[in-house]
Amino acid sequence: NAGVTQTPKFRVLKTGQSMTLLCAQDMNHEYMYWYRQDPGMGLRLIHYSVGEGTTAKGEVPDGYNVSRLKKQNFLLGLESAAPSQTSVYFCASSGYNEQFFGPGTRLTVL
Amino acid sequence: GIQVEQSPPDLILQEGANSTLRCNFSDSVNNLQWFHQNPWGQLINLFYIPSGTKQNGRLSATTVATERYSLLYISSSQTTDSGVYFCAVEQMDSSYKLIFGSGTRLLVRP
């Protein structure tokens, strides 16, 4: 039982490049979330999903897209990366109560 | 939207000391969780506590929903307790989305 896993763990991009972050959970959770954490701050919600095939915007959705084609996976895409997207990205999943978090992906955009 | 304020922002303790961390929120909530982010960046669930009191070893938490605050107690602190403690709440009508406070940074000295 791996819980919530994220790939990759680290990535460096140049401005304008694209990439996809993958989140996977093996707890059969309906809800999945993508957050970003900037230095010295709490987490802010980017996008979330309340079930397979659904997605919705969070607090800071601009510049990101998401897809939930399978219940266990939630993908976060950056189509044209910008330095302002340098951050640590966390994925989480939940049933109806607690959210459980993955280990994070540290992304640097040069 | 709902505001989540944590205090104190920073706390330095000598090993063995006790401490109380506070989380105030500005509106009614469905869900409240406490997390510990360790120095390696991992987010660890401490408590799911929308109301009432829970204890887990040296840690305990109390949420008084009617007065819109929650407290996290750490007793006999250890150096491994160092890190950032986050409170996160789900507003009553917010579809399972968590809003994070900015955290309390704790350093426990040997």
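If you read the sequences in order, they're chains L and E. Letter 62 of the first sequence, counting from 1, is numbered 365 in the working numbering, and no numbers are missing. Letter 51 of the second sequence, counting from 1, is numbered 38 in the working numbering, and no numbers are missing. The C-beta atom is built at its ideal place from N, Cα and C for all residues, glycine as well. Source: prediction; values computed, not measured.
Assign residue 367 of chain L to buried or exposed, taking buried as 16 or more other Cβ atoms, counted over all protein chains shown, within 10 Å of its Cβ. buried
Stretch-stretch touch, CB-based, cutoff 8 Å, three pairs: the segment 372 to 384 of chain L with the segment 317 to 330 of chain L: yes
Within 10 Å of its beta-carbon, does residue 309 of chain L have 16 or more other beta-carbons around it, so buried, or fewer, so exposed? buried
Cβ of residue 407 of chain L within 7 Å of any chain E Cβ: yes
To the nearest whole angstrom, what separates the beta carbons of residue 18 of chain E and residue 400 of chain L, a pair I think is in contact under 8 Å? 7 Å
Cβ neighbours of residue -1 of chain E in the same chain (closer than 6 Å, five flanking residues each side left out): 94
Chain-order list of residues whose beta-carbon lies under 8 Å from that of residue 356 of chain L (same chain, five-residue window excluded): 371, 372
Just the Cα atoms here: how many angstroms apart are residue 326 of chain L and residue 75 of chain E? 21 Å
With H, G and I counted as helix, E and B as strand and the rest as coil, what does DSSP make of residue 48 of chain E? strand
Where does residue 99 of chain E sit, in a helix, a strand or coil, going by DSSP? No information on residue 99 of chain E is available, as it lies outside the stretch -12 to 97 that chain E covers here.
Counting only Cβ-Cβ distances shorter than 8 Å, please list the residues of the segment -7 to 22 of chain E near chain L, keeping chain order. 18, 20, 22
Which chain E residues are close to residue 391 of chain L, counting only those with a beta carbon under 9 Å from its beta carbon? 28
Contact list for residue 90 of chain E against chain L, beta-carbon separation under 9 Å: 343, 344, 345
Using C-beta distances below 8 Å, list every residue in its chain close to residue 5 of chain E, excluding the 5 sequence neighbours before and after it, in chain order. 60, 61, 62, 63, 64
Straight-line CA distance for residue 53 of chain E to residue 377 of chain L? 36 Å
Can you confirm whether residue 59 of chain E, when its beta carbon is compared against all beta carbons of chain L, has any partner nearer than 7 Å? no
DSSP three-state assignment for residue 388 of chain L, whether helix, strand or coil: helix
Could you list which residues in chain E have their beta carbon closer than 9 Å to that of residue 348 of chain L, in chain order? 84, 85, 86, 87
Taking Cβ positions, are residue 328 of chain L and residue 353 of chain L nearer each other than 7 Å? no
With residue 317 of chain L as the anchor, note down where its beta strand (DSSP E) starts and where it stops. From DSSP, residue 317 of chain L is part of no beta strand (DSSP E); its letter is neither H nor E.
Given residue 341 of chain L as reference, the closest of L/395, L/349, L/335 once Cα atoms are compared: L/349
7 Å Cβ cutoff, residue 367 of chain L in contact with chain E: no
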